[in-house]
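First the structure, in the form of structure tokens, and then the observations on it.
In the working numbering, the protein residues as written are 31 to 156.
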């Protein structure tokens, strides 16, 4: 299996806006239950964790990691952890859930696996 090589931090203006209308109804339902539309990122992450692309191996330049509350190192070595982040590492996407059609802002050079994977993802039934 090929390993994807990515910059650890993209430092871009997030030029790619990817609308994910398939999550709008789930966000509306959460909002009706009193939750914030800021639940968009965890909603998308839960869906992504059920797919193969989330776990594709990556090598980051420079090598980075996150830290647990106990001070243990959390590796950032999958496409999902690069995109969504881990404790101590922010990730490389912005999740905007408050418009009627929620969207993700992605960095320039974002792998096609991420773009196609997000477009194909569906909310997990609760």
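Glycine included, every Cβ here is placed at the ideal spot set by N, Cα and C.
- Residue 85 sits in a helix when the DSSP states are folded into three classes.
- Distance from the CA atom of residue 149 to the CA atom of residue 121, rounded to whole angstroms, is 19 Å.
- Pairing residue 35 with residue 53 gives a Cβ-Cβ distance that is not under 8 Å.
- One thing to note: residue 104 has its Cβ no nearer than 8 Å to the Cβ of residue 87.
- Three or more beta-carbon pairs drawn from the region 122-138 and the region 42-51 are found closer than 8 Å, and the two stretches are therefore classed as touching.
- For residue 37, the enclosing beta strand (DSSP E) starts and ends at 34-37.
- Measuring C-alpha to C-alpha distances from residue 91 to each of 124, 37, 143 identifies 37 as the nearest.
- Excluding sequence positions up to five before and after residue 107, its CB lies within less than 7 Å of the CB of 87, 88, all in the same chain and listed in chain order.
- Note on geometry: alpha-carbon atoms of residue 40 and residue 55 lie some 31 Å from one another.
- Judged by DSSP in its simplified three-state form, residue 152 adopts coil rather than helix or strand.
- Residue 80 places its beta carbon 8 Å or farther from that of residue 127.
- At a Cβ-Cβ threshold of 8 Å, residue 115 and residue 78 do not count as neighbours.
- Ranked by Cα distance from residue 113, the options 84, 57, 70, 63 are led by 84.
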